[in-house]
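Participant: For the sequence shown, numbering that gives the first Met the number 0 begins at 0 and goes up steadily by one.
All residues carry an ideal CB built from backbone N, CA and C; glycine is no exception.
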Amino acid sequence: MISTLNEAQAVSHTLECWHAVPIPRLIAYLSETHIRWIEQEMPSIENLAYRLEPSRTAPAVRFLQRLIRRIQNEMAEHLRKEEAILFPAILKLEQGGSAPMPFGSISNPIAMMEQDHDIERMLWEELRTLTNGYQITAEAGETLKTLYEELAALAHDVSEHAALENRILFPRARRMERLVNPR
Numbered sequence: 000m001i002s003t004l005n006e007a008q009a010v011s012h013t014l015e016c017w018h019a020v021p022i023p024r025l026i027a028y029l030s031e032t033h034i035r036w037i038e039q040e041m042p043s044i045e046n047l048a049y050r051l052e053p054s055r056t057a058p059a060v061r062f063l064q065r066l067i068r069r070i071q072n073e074m075a076e077h078l079r080k081e082e083a084i085l086f087p088a089i090l091k092l093e094q095g096g097s098a099p100m101p102f103g104s105i106s107n108p109i110a111m112m113e114q115d116h117d118i119e120r121m122l123w124e125e126l127r128t129l130t131n132g133y134q135i136t137a138e139a140g141e142t143l144k145t146l147y148e149e150l151a152a153l154a155h156d157v158s159e160h161a162a163l164e165n166r167i168l169f170p171r172a173r174r175m176e177r178l179v180n181p182r
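#1: Quick one: give me the first and last residue of the alpha helix (DSSP H) that H155 is part of.
#2: Are A161 and R120 touching if we call contact CB-CB under 8 Å?
#3: I need the straight-line Cα distance from V20 to P42, nearest angstrom please.
#4: Does the beta-carbon of F86 have 16 or more other beta-carbons within 10 angstroms, so that it is buried, or is it exposed?
#5: Are the C-beta atoms of A154 and some chain C residue less than 8 Å apart?
#6: How is the alpha helix (DSSP H) around M100 delimited, first residue to last?
#7: Kindly provide the ranges of any alpha helix (DSSP H) runs that are 4 or more residues long and lie completely inside the segment 27-51, ordered along the chain.
#8: Alpha carbon to alpha carbon, how far is V60 from R50? Give it in angstroms, no decimals.
#9: Please work out which residues of its chain come closer than 7 Å, Cβ to Cβ, to N5, disregarding the five sequence neighbours upstream and downstream, and give them in chain order.
#10: Going by DSSP in three states, Q64 sits in which element: helix, strand or coil?
#11: Within 10 angstroms of its Cβ, does L178 collect 16 or more other Cβ (buried), or is it exposed?
#12: Judging by CA-CA distance, which residue of L66, P108 and E31 is the nearest neighbour of I185?
#13: In whole angstroms, what separates the C-alpha of F62 from that of L25?
#14: By DSSP, does E138 sit in helix, in strand, or in coil?
#15: Among residues of its own chain, excluding the 5 on either side of P188, which ones have a beta-carbon nearer than 7 Å to its beta-carbon?
#16: Determine the direct distance from the alpha carbon of D115 to that of G140, and round the result to whole angstroms.
#17: Can you round the beta-carbon distance between I89 and I70 to whole angstroms, since I take them to be within the 8 Å contact cut?
#18: With respect to 7 Å, is the separation between the Cβ of E52 and the closest non-hydrogen atom of the ligand PLP below this value?
#19: Would you mind stating whether I67 and E45 have Cβ atoms separated by less than 8 Å?
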């Protein structure tokens, strides 16, 4: 409970730094993060997970592997939608574009991304529960230790990233749309 509170306070402090950052720079930062996750971090984590062998002391390894694969697939699809649809639309609005969007209001794809964030948060919570908060036992091998460390770090980054979108980028995009396309 205390670590969750500390994480929330750290994320809140980090978010404050982003309020004044121009939207194109914020989106560039988010995109660079997406690339790192998909091309480097998730493949590394999946590789570590599949090096683990189920045993009497670690019977949940197969479930852990499947859950990591599901998280990777969910994240990849979510990030693809942001990169291909949402971010270009927000940048168009930011440049003063008032032409109708194929999906109507910017709030429509944002609502889908927020829903994805909720699903991803639940999957990460399931992973946190399965790994006992990424805590390892004394007899755990190096592969498991490294896997849990990488999972914990990525879980923190993903949480901070979703908060940055939900609390900073998405509200700013909605406000921008109201200014560009008043009804």
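Facilitator: On the basis of the coordinates in this document:
#1: Counting along the chain, the alpha helix (DSSP H) containing H155 begins and ends at E141 to L163.
#2: Result yes, Cβ atoms of A161 and R120 sit closer than 8 Å.
#3: Straight-line measurement puts the Cα of P42 at about 31 Å from the Cα of V20.
#4: Classification for F86: buried.
#5: Checking the listed chains, one finds no chain C in this structure; it contains a single protein chain.
#6: Element bounds for M100: n/a, residue is neither H nor E.
#7: The segment 27-51 contains these whole alpha helix (DSSP H) runs: 41-50.
#8: Going by the C-alpha atoms only, they are around 10 Å apart.
#9: Bear in mind that a pLDDT of 47 at N5, under 50, signals an unreliable position, so the number given afterwards is only what the model happens to contain. If we look at N5 and ignore the five residues flanking it on each side, it has no Cβ neighbours.
#10: The answer is helix: DSSP assigns Q64 an H, G or I state.
#11: Exposed.
#12: Residue 185 lies beyond the residue range present for the chain, which begins at 0 and ends at 182; the question has no answer from this structure.
#13: Near 36 Å, if we compare the C-alpha coordinates of L25 and F62.
#14: Three-state DSSP puts E138 in coil, outside helix and strand.
#15: Shown here, the chain extends from 0 to 182; a query on residue 188 therefore has no answer.
#16: A direct Cα-Cα distance of roughly 34 Å separates G140 from D115.
#17: About 25 Å separates the beta carbon of I89 from that of I70, a gap too long to meet the 8 Å contact definition.
#18: The ligand PLP is not part of this structure, which contains no ligands at all.
#19: Between I67 and E45, the C-beta gap is smaller than 8 Å, which places the two residues in contact.
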